[in-house]
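In this text, residue positions in the sequence shown follow my numbering: the first is 34, and each later residue adds one.
Inspection log for the structure reproduced underneath, given as structure tokens.
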Amino acid sequence: MSIHKKVKKVTTHALQAMKNKGEKISMLTAYEYSMARILDEAGTDILLVGDSASNVIAGHETTLPITLDQMIYHASSVVRAVDRALVVVDLPFGSYQGNSMKALDSAIRIMKESGGHAVKLEGGSEVQESISRILSAGVPVMGHLGLTPQSIYKFGTYTVRAKEEAEATKLKEDAKLLEELGCFAVLMEKIPAQLAKEVTDSLQVPTIGIGAGPHVDGQVLVTHDLLGITKDFQPRFLRRYLDLYEEIKGAVQHYIKDVKEQDFPNDSEQY
Ligand code: KIV
């Protein structure tokens, strides 16, 4: 018997129902078991096993180095923690672009080996064959448009995308295409709020924003940013709810002091 409680699980259909009745969707990143348990118990609707693990967990400058095996490791740890949330797993750079059979293999590996519930991948018309093939195997796909960090060397910077008309028009067309192909949701990163509103109004499926303003169907943040564990990343869109970097540092300094002064362990902390 499962050790997990019986709860109403969040499905792609439940997310659609939330959009239809105007209830906003909450989404956060998760990369490991202990944090995922807290995020799930708190009631987060979607946990994203983001390839941002490459930055915040592994310390790389970009999301490009993380591998499919590493994503599967992170995702399986998250899945073991979750009772309620929908677990969406990023397809990493190089696992789906330009080869739809490879994309299908990558998505199937994620679903089989991690137990995740859906995949996310970056791009519009460029990756439409990959999206169609993954969907044909019954794997739900979330699209990702706007700032797509796997293309950082094409963009050159992490600045706001789609401010110019040509890029905004392409983004709107790509969003429509993703919906027509069958994506269950479209994530938009770092684009003007007005553009995100237009896309959200034009789609039946939910949109999720990060740095895309309030007129989207849901919001996502990197959990380490929200909790103030990362220190140097301070984009305008980020709201920090804690300063855990300083809190953890303070607690560790307290522990070190107790060890040095032979205050830890005390009489009741031994056998
Ligand atoms: O990998 C990630 O964390 C993401 C979010 C920034 C949306 O894709």
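The beta carbon of each residue, even a glycine, is placed where N, CA and C say it ideally should be.
List the residues that DSSP assigns as beta-bridge partners of residue i.
i: residue 177; result: 155, 220
i: residue 252; result: 59, 242
i: residue 79; result: 60, 119
Measure the Cβ-Cβ separation of residue i and residue j and say whether it is below 7 Å.
i: residue 246; j: residue 218; result: no
i: residue 248; j: residue 233; result: yes
i: residue 52; j: residue 239; result: yes
i: residue 136; j: residue 73; result: no
i: residue 89; j: residue 257; result: yes
i: residue 57; j: residue 251; result: yes
i: residue 140; j: residue 115; result: no
i: residue 253; j: residue 241; result: yes
i: residue 163; j: residue 129; result: yes
i: residue 180; j: residue 223; result: yes
i: residue 61; j: residue 69; result: no
For residue i, count neighbouring Cβ atoms within 10 angstroms of its own Cβ and tell me buried if that reaches 16, exposed if not.
i: residue 207; result: buried
i: residue 281; result: exposed
i: residue 134; result: exposed
i: residue 33; result: Summary: the structure shown does not reach residue 33, with the chain confined to residues 34 through 304, and so no result is reported for it.
i: residue 194; result: buried
i: residue 174; result: buried
i: residue 302; result: exposed
i: residue 182; result: buried
i: residue 212; result: buried
i: residue 63; result: buried
i: residue 42; result: exposed
For residue i, I'd like the list of residues in its chain whose CB is within less than 6 Å of its CB, leaving aside the five on either flank, ordered along the chain.
i: residue 93; result: 87
i: residue 108; result: 82, 122, 147, 149
i: residue 110; result: 65, 66
i: residue 153; result: 121, 123, 175, 177
Take residue i and list the residues in its own chain whose beta-carbon comes closer than 8 Å to its own, dropping the five residues that flank it on each side.
i: residue 99; result: 84, 86, 87, 91, 93, 125, 126
i: residue 231; result: 205
i: residue 269; result: 244
i: residue 160; result: 129, 130, 136, 154
Could you pull out every residue in the same chain whose Cβ sits closer than 7 Å to the Cβ of residue i, ignoring the five residues on either side in sequence?
i: residue 34; result: Only weak support exists for where residue 34 lies, its pLDDT of 46 falling under 50; the coordinates are left without a value.
i: residue 50; result: none
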